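Quick note on numbering: the sequence shown equals residues 1 to 374 in full-length UniProt numbering.
Since the structure comes first, as structure tokens, the remarks are kept for the end.
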Amino acid sequence: MIKTLSKHLSPFTNRHFSSIHKDPIDDTKSNLQFSLEYLVKGRYLRPNPIPYIRFAKNGTLLRHQFLRKYKDLVQSNDVLLSAQNKVSFSKFKEGMDGATKRSLFVWPTEGPFDVCSIIKGEGFDNDNYILKPLASQNEEFKIKSYVFMNKDISWRFALQDVLRERRIWWKRLFFNPGAIFIPEEVESNSEFPVARISTNFEDQDYGFNDNFVVESLKMLDDFEGYKVLETSTCPSIGTLALLLDAVRERMFLSNRPRMALNQYIVPHQLAIFMSDDYINSSPQIRNFLSEFRVFLSKALRKEGLRLYSTPQESLDIVDLIGIPFVIILSPKTLDDGICNIWDRETYWYEEVHVADVVSRFVQIFQKRWIPSLG
Numbered sequence: 001m002i003k004t005l006s007k008h009l010s011p012f013t014n015r016h017f018s019s020i021h022k023d024p025i026d027d028t029k030s031n032l033q034f035s036l037e038y039l040v041k042g043r044y045l046r047p048n049p050i051p052y053i054r055f056a057k058n059g060t061l062l063r064h065q066f067l068r069k070y071k072d073l074v075q076s077n078d079v080l081l082s083a084q085n086k087v088s089f090s091k092f093k094e095g096m097d098g099a100t101k102r103s104l105f106v107w108p109t110e111g112p113f114d115v116c117s118i119i120k121g122e123g124f125d126n127d128n129y130i131l132k133p134l135a136s137q138n139e140e141f142k143i144k145s146y147v148f149m150n151k152d153i154s155w156r157f158a159l160q161d162v163l164r165e166r167r168i169w170w171k172r173l174f175f176n177p178g179a180i181f182i183p184e185e186v187e188s189n190s191e192f193p194v195a196r197i198s199t200n201f202e203d204q205d206y207g208f209n210d211n212f213v214v215e216s217l218k219m220l221d222d223f224e225g226y227k228v229l230e231t232s233t234c235p236s237i238g239t240l241a242l243l244l245d246a247v248r249e250r251m252f253l254s255n256r257p258r259m260a261l262n263q264y265i266v267p268h269q270l271a272i273f274m275s276d277d278y279i280n281s282s283p284q285i286r287n288f289l290s291e292f293r294v295f296l297s298k299a300l301r302k303e304g305l306r307l308y309s310t311p312q313e314s315l316d317i318v319d320l321i322g323i324p325f326v327i328i329l330s331p332k333t334l335d336d337g338i339c340n341i342w343d344r345e346t347y348w349y350e351e352v353h354v355a356d357v358v359s360r361f362v363q364i365f366q367k368r369w370i371p372s373l374g
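Structure below.
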């Protein structure tokens, strides 16, 4: 189904990063799929932007009643029942037999990225692998929600608006918005129309025969006087699609690929490095600076920011795996409080006082637009 992708993806495999990445297993919550699931669930927590869709006053109760009645249709542990319910992280079953399997990770710890396997391709060297999604992963784990619309409204127009909003939501996450499309027209005359949002990678030349369906919408039977619209999102397929879309080359560094991920879904948002002259400083200065890095890291994590830690401090590695910003401390920081912030998009440095670092990144990651409905 998929031709060899080792040229594009080999830098992001476990084999490449296992010797430099030392994060513990608990850090898997910072992976891309967790971020995507968080955003998918978070869209239901926000006000509905489509004015003529009316949710039931007791929306949560209505959802529970619906699920109890149609428990053969959906499994409650796979469904977003209400804003308070959490969909736990799911590992996907490996569906290939007789092949050497390795999970594709951008951040190589066990577990978080079981969205596909890398198998040795016949007739290739050991450094060449074929990427293949796990069999039946499209059915393994989905986040579902149900929109209850009053029957007296133009629900067909409401369906089109929801579909448009969902398509825009996905487009904003992708490096190439053109990768998101709706493969066919929704049957406007049908009582139970079905719509799908798919991805393609024509600009990447991967050679896919099929498109990835990242989300589907369908109208179900009426319930308690309401029209019921089911939205179903598959985080595993969405994660794989985001990964494949994000593998890019810098125009001025074409010999090295990078992960061009939206900064709001990157598994790690920041890293704190020491400057080159740190090694040549006195033991006392190094000790003070190390203690300050620990203090700054705790302050950033307290605000919910996700930091990347590695003993091998290299901007090339940071650029490769998609960390948007790096805070660089130097012995001079202890004198005037100034640190450098490196931006991977521009490759430029900016001088910022350490007193403003925490509030600055809180504003960057929490106050700007976040992909969600509306």
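Backbone N, C-alpha and C fix where the C-beta goes; we use that ideal spot for every residue, glycine too.
Being a predicted model, the structure only gives us computed values, none of them experimental.
- Residue 352 has its alpha-carbon roughly 20 Å from the corresponding atom of residue 306.
- In the DSSP assignment, residue 258 forms a beta bridge with 248.
- Within 10 angstroms of the beta-carbon of residue 164 lie fewer than 16 other beta-carbons, which makes it exposed.
- Rounded to whole angstroms, residue 184 and residue 363 show a C-alpha spacing of 40 Å.
- Residue 323 is not a Cβ neighbour of residue 243, given a cutoff of 8 Å.
- Under DSSP, residue 166 shares a beta bridge with no residue.
- A check of alpha carbon separations from residue 300 across 212, 233, 314, 361 identifies 361 as the nearest.
- In the structure shown, the three-state DSSP call for residue 296 is helix.
- In the structure shown, residue 278 falls within a helical segment according to DSSP collapsed to helix, strand and coil.
- By the neighbour-count criterion, in which 16 or more other beta carbons inside 10 Å mark a residue as buried, residue 304 falls on the exposed side.
- Where residue 329 is concerned, there is no enclosing alpha helix (DSSP H), although the beta strand (DSSP E) around it starts and stops at 325-329.
- An exposed status is given to residue 355, since fewer than 16 other beta-carbon atoms sit within 10 Å of its beta-carbon.
- For residue 360, the uninterrupted alpha helix (DSSP H) run begins and ends at 357-362, by DSSP.
- The beta-carbon distance between residue 272 and residue 237, rounded to whole angstroms, is 34 Å. This is too long to meet the 8 Å contact definition.
- Straight-line measurement puts the Cα of residue 337 at about 14 Å from the Cα of residue 295.
- Here DSSP, grouped into helix, strand and coil, assigns residue 203 to coil.
- Between residue 330 and residue 245, the gap from beta carbon to beta carbon reaches 8 Å or more.
- Inter-residue distance for residue 154 and residue 148 is about 13 Å (C-alpha atoms, whole angstroms).
- Taking every protein chain shown into account, the CB of residue 279 has fewer than 16 other CB atoms within 10 angstroms, so this residue is exposed.
- Here the alpha carbon of residue 259 sits roughly 24 Å from the alpha carbon of residue 275.
- Boundaries of the alpha helix (DSSP H) harbouring residue 334: 333-336, taken from the DSSP string.
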